[in-house]
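S.K.: Dropping the structure in here first, questions after.
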Amino acid sequence: MKALNLHTLPLADRLADLAVDALIDEADLSPKPGLVDRRSNGAHTDMTLALMHASALALWPCLRQMAEAAEAIGEIGVPLRAALGRIGREGEAAMLATTGGVNTHRGAIWALGLLVAASALDAQAGPAALATRAGRIALIDDPGATPEDSHGVQIQRRYGSGGAREQAQLGFPAVITHGLPQLHRSRAAGARENQARLDALLAIMAALADTCVLWRAGPQGLATVQQGARAVLEAGGSATLAGRRQLRRLDQQLLHLNASPGGAADLLAACLFLDNAGSL
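Taking my numbering, I'd label the letters of the sequence shown as residues 810 to 1089.
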């Protein structure tokens, strides 16, 4: 039987596939400090690996619809931003229905939704250009948005951290400047793919003012995350014995603090999506 040529699938389907794959790959990546992975639930009492998988799969229709909207509208502007906001809210409702109300991927819907839309406008663009285009979309106010008092909004008021919204509006600097370069460096140094991806996560953690960490553990917790992530990379990364010792130490610290770098995890998924977008 003739093998299916994936390039015969509609672009929107392929983009949704890549985005869901990135979410599942992020969830499966182990050992992630403080996060749900194949070993444990990390600092979470309400999440499991199976729940993360189910949530990711539930977002496929939403992500495809975002790509389809970008293809149909064809340009960055208020109509596209309004469509993405509406579809994103519907996707969040589908996620919460699947998870029984647990917020597994709200930040990922935002980040990957923007990147999927940016890719649908020009699938041949490189990672930096896609991130910049996503940032231009994120800078437009969503006309359908209602006032919210989310954890991210409260953290912004309390500490001045812009969180996921600011990362997107700036063109995902934690991914483009830190995550992707570290992913490529670790691969070039001979690290296995799992180790290279862990190093990319750590590079993001070291640079990001993660609002998930700030919510759970405050500025001191964030300092622990950033310093601990840098210590792993400075010891040689997760491919080295010294790096793995530092990684275990960081994991223990985050469990003690009940801190989970969920914002960094969302951005790692964005990093993996951008890394694979060239396969389209």
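Idealized CB from N, CA, C, for every residue including glycine.
(1) Within the same chain, show all residues whose beta-carbon is closer than 7 Å to that of Thr1033, passing over the 5 residues directly before and after it, in chain order.
(2) Between the C-alpha atoms of Arg1058 and Thr1020, what's the straight-line distance to the nearest angstrom?
(3) My assumption, with CB atoms under 8 Å, is that Glu884 sits in contact with Leu820. Please give the rounded CB distance.
(4) Following the continuous alpha helix (DSSP H) through Pro842, name the residue where it begins and the one where it ends.
(5) Below 8 Å, how does it come out for the stretch 1014-1029 and the stretch 1069-1083: are there three or more Cβ pairs, yes or no?
(6) Could you check if Arg823 is buried or exposed, using at least 16 other CB atoms within 10 Å of its CB as the buried criterion?
(7) Under 8 Å, do Ala943 and Ala892 count as touching if we go by C-beta distance?
(8) Using the rule of at least 16 other Cβ atoms within 10 Å of the residue's Cβ for burial, across every protein chain shown, is Leu825 buried or exposed?
(9) Could you name each continuous alpha helix (DSSP H) segment of 4 residues or more that falls completely within the stretch 878-937, going from the start of the chain to the end?
(10) DSSP three-state call for Ala1051: helix, strand or coil?
(11) With the cut-off set at 8 Å, would you say Ala903 and Phe1082 are in Cβ contact?
(12) According to DSSP, is Ile946 helix, strand or coil?
(13) Assuming Asp1008 is part of the alpha helix (DSSP H), what are its boundary residues?
(14) Closest to Ile1094 by C-alpha separation, out of Glu975, Leu860, Leu939 and His987, would be which residue?
(15) What number of angstroms, rounded off, separates the C-alpha of Leu844 from the C-alpha of Phe981?
(16) Is it true that the CB of Met875 sits closer than 8 Å to the CB of Thr913?
(17) Check Gly1071 in the structure and name its three-state DSSP category.
(18) By how many angstroms is the C-alpha of Leu860 removed from the C-alpha of Gly910?
(19) Just to confirm, is the Cβ distance from Gly953 to Gly894 under 8 Å?
(20) Just to confirm, are Val1022 and Ala1079 a CB contact at a threshold of 8 Å?
(21) When the Cα of Gly886 is compared with those of Thr907, Gly1046, Ser1088 and Leu923, which residue comes out closest?
(22) Would Asp1008 be called buried (16 or more neighbouring beta carbons within 10 Å of its own) or exposed?
(23) Out of Gly1087, Ala1086 and Leu1077, point me to the one whose CA is closest to Asp834's CA.
M.R.: Walking through what the data contain:
(1) Gln1062 and Leu1066
(2) 22 Å
(3) About 16 Å separates the two Cβ atoms, so there is no contact after all.
(4) Pro842 -> no alpha helix (DSSP H), and no H or E assigned at all.
(5) Touching, per the Cβ criterion.
(6) buried
(7) no
(8) For the sequence presented, residue 825 should be read as Ala rather than Leu. With a threshold of 16 other beta carbon atoms within 10 Å, Ala825 meets it and is buried.
(9) Entirely contained in the stretch 878-937, the alpha helix (DSSP H) runs reaching 4 residues are, in chain order, 887-908 and 915-930.
(10) helix
(11) no
(12) Under the three-state reduction of DSSP, Ile946 is assigned to helix.
(13) Glu1002 to Ala1016
(14) Residue 1094 falls outside the range modelled here, since the chain spans only 810 to 1089, and no answer is possible.
(15) 21 Å
(16) no
(17) helix
(18) 11 Å
(19) Yes.
(20) no
(21) Leu923
(22) buried
(23) Leu1077
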